[in-house]
Structure formats: C-alpha cells, structure tokens
Amino acid sequence: MRVQETALVKAAFIASRAKGQSLTEALIGMVALAGLFVLIPVLGRYQDLSLQSMHAASGVAFATVRGAPDPARATAYPFQNANQRWTDRGGRAMLTLDGSGLGASVTVANDASANWQIGGQNAHARQLRQDWGLDAGIVTARVRVAPVAGTGASSGKPGNTSTSSNGLGTLWTGGITPPIHRRIAILAGVGHAGSDSAAQTTMASSRLAWSANATQSVQTGRSATSALQPLDAGWQRPAPNFDWLSPWLGLVPANAVDAR
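Take the sequence shown: its position 52, counting from 1, is numbered 52 in full-length UniProt numbering, and each next residue is one higher.
Spelled out as structure tokens, the structure:
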C-alpha cells in the first residue's frame, strides 16, 4: 500500500508541474503556423518577381544586341500581364511599370586585347572583324525591380491606395520592399545574321572579303559581255547576271542538309 501511495503522490506532483504545458505548446504551434501562413505567400510572390526580373534582364540584353533602341520596353515586357505583378492581401499592386517600379541600364564594353579575338593582331583579320561587326564587346544589362506594395503602390482601382506602414504592418499585408537586382552579360557582334538577306548584305559590305574582288570581276565580265554580245545575239542567250548573292537567297547547300 505504501508503494502505491508513493506512486500516486509522484504522479500528482508531476501532473501539477505539467499543468498548462500543453496549452503553451499549442499556442507556440499556432503562432508558427500563422507565421508560415503569412510568409509562404510573401516569399512565393517575391520568388516569382525575382524570376521575372531575370527574364527582363535577358530580354534587355538580347534586345540591345539586336539593336532595339528602348531597353525600358524590354524590361516591362515580362510584367505586362497583371498576374505577373501580383497584389498583396489588401489588393494593392506590388509593382508599377513606371520608373519607380522598374529600371534598366545597359553598358557595352570591349576591354579584351586583340590577341584574344579571332585572328589576333593580323591586319586582315582586324579588317574582317571591323567589316563584319565581330567582337563588338560584352553587353551587360542590369535590371532593378522594386516591389512597393504596402508602401504607397496603387492597384489601379479607384480609392485603392496603400496606407499601411512599414515593419510588421507591411509584412502582414504581404508588402515587400527590398528591391531586386539582376544582371546578365552576353557577347555582342558574334557574326549572327537575322535573315539570309542580312547575311548577304554583311558579306557584300566587306571590301576585303567580297566587294573588292567582286567589283573587278564584274568589270571584267561586263567588258567581255560587250565584246561577245554580237556573237551571242544569234543564239538568243540571256545576258549574264552579275548579282552573285541574291540568287542564293533562301537556298542551303546540299551538304549542309541533314538527310534525316
């Protein structure tokens, strides 16, 4: 009996010390779940904006290489869809397409030595690089995306402007204030042409690679044509065509076509 009484006393003592522990654990668990409920959507929106920012930086870099005059248009393109700009839980837009929300800058630098480029210091190689626009440099595009929900952004709906404060209030409404910076660098002037006609124009514009020799050949051909035309007239032969580039427009050499 004494052993049983001792066991009961110990159990009662332990129960008295543990009173309220379950409630405390439940409160801590609820706070943790509430924090996850708030943070997961916020981080998800921020991650998506970060991904779209990288797409914007890529678009700006490629648009610059292709000669687009306005990098701002390429920057805003990934965010044209309203769903890509997101809204916080208060219905406020997290991103505006004006200068306060988006920014872009482009730099073109060519600090590489001629020894690193095709042909090195050779004078003919240097002339060809200049004629064909090769090794024009490295285009670096920088994009800044500044989500401003919770700090004054408007969703575009009448009367729907942000009045929430910074700190926990901003976090609770889903506002994100840290700006996103993305940078990408690509080579410019690697010799790619946008079409067959562009490739032919680039080729013909090079005096060293084409136009100098072509001009001499055309002059010789026309002199021969004027001398031989009376002989060829009786055979009704067509006059020679000295345009040696345009007839090849859109044609691919047979050895460059995959039989599969």
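Backbone N, C-alpha and C fix where the C-beta goes; we use that ideal spot for every residue, glycine too.
Item, Value
"So for residue 197, helix, strand or coil by DSSP?", "helix"
"Grouping DSSP H, G and I as helix and E and B as strand, with all else coil, what is residue 183?", "strand"
"Ends of the beta strand (DSSP E) at residue 142?", "137 to 145"
"Assign residue 182 to buried or exposed, taking buried as 16 or more other Cβ atoms, counted over all protein chains shown, within 10 Å of its Cβ.", "buried"
"Within the same chain, show all residues whose beta-carbon is closer than 6 Å to that of residue 103, passing over the 5 residues directly before and after it, in chain order.", "144"
"Can you tell me whether DSSP reads residue 60 as helix, strand or coil?", "helix"
"In three-state DSSP terms, what is residue 169?", "Because the pLDDT of residue 169 is 42, which lies under 50, any placement of that residue in the model is unreliable, and the number read from its coordinates should be weighed accordingly. In this structure, residue 169 counts as helix in the three-state DSSP scheme."
"Where do the ends of the alpha helix (DSSP H) carrying residue 218 lie?", "212 to 233"
"Quick check on the burial criterion: 16 or more other C-beta atoms within 10 angstroms. Buried or exposed for residue 70?", "exposed"
"To the nearest angstrom, report how far apart residue 26 and residue 88 are at their CA atoms.", "29 Å"
"Can we count residue 137 as close to the ligand ATP, meaning its CB is less than 7 Å from some heavy atom?", "As for the ligand ATP, it is missing from this structure, which has no ligand bound."
"How about residue 72 and residue 139: are their beta carbons less than 8 Å apart?", "no"
"Which same chain residues, not among the five before or five after residue 197, have their C-beta less than 8 Å away from its C-beta?", "249"
"Determine the DSSP secondary structure at residue 39, reduced to helix, strand or coil.", "helix"
"Could you give the residue range of the alpha helix (DSSP H) that holds residue 109?", "First-last for residue 109: 102 to 109, but that is the beta strand (DSSP E), not the alpha helix (DSSP H)."
"With contact counted as at least three CB pairs below 8 Å, one residue from each stretch, are the region 127 to 135 and the region 205 to 218 in contact?", "yes"
"Residue 153 to residue 108, Cα distance in whole Å?", "Unreliable placement is indicated for residue 153, whose pLDDT of 43 sits below 50; the coordinate value is still reported in the next sentence. Distance between the alpha carbons of residue 153 and residue 108: 33 Å."
"Could you spell out the range, first to last residue, of the alpha helix (DSSP H) harbouring residue 76?", "71 to 76"
"Would you call the region 52 to 70 and the region 32 to 43 touching, i.e. three or more CB-CB distances under 8 Å?", "no"
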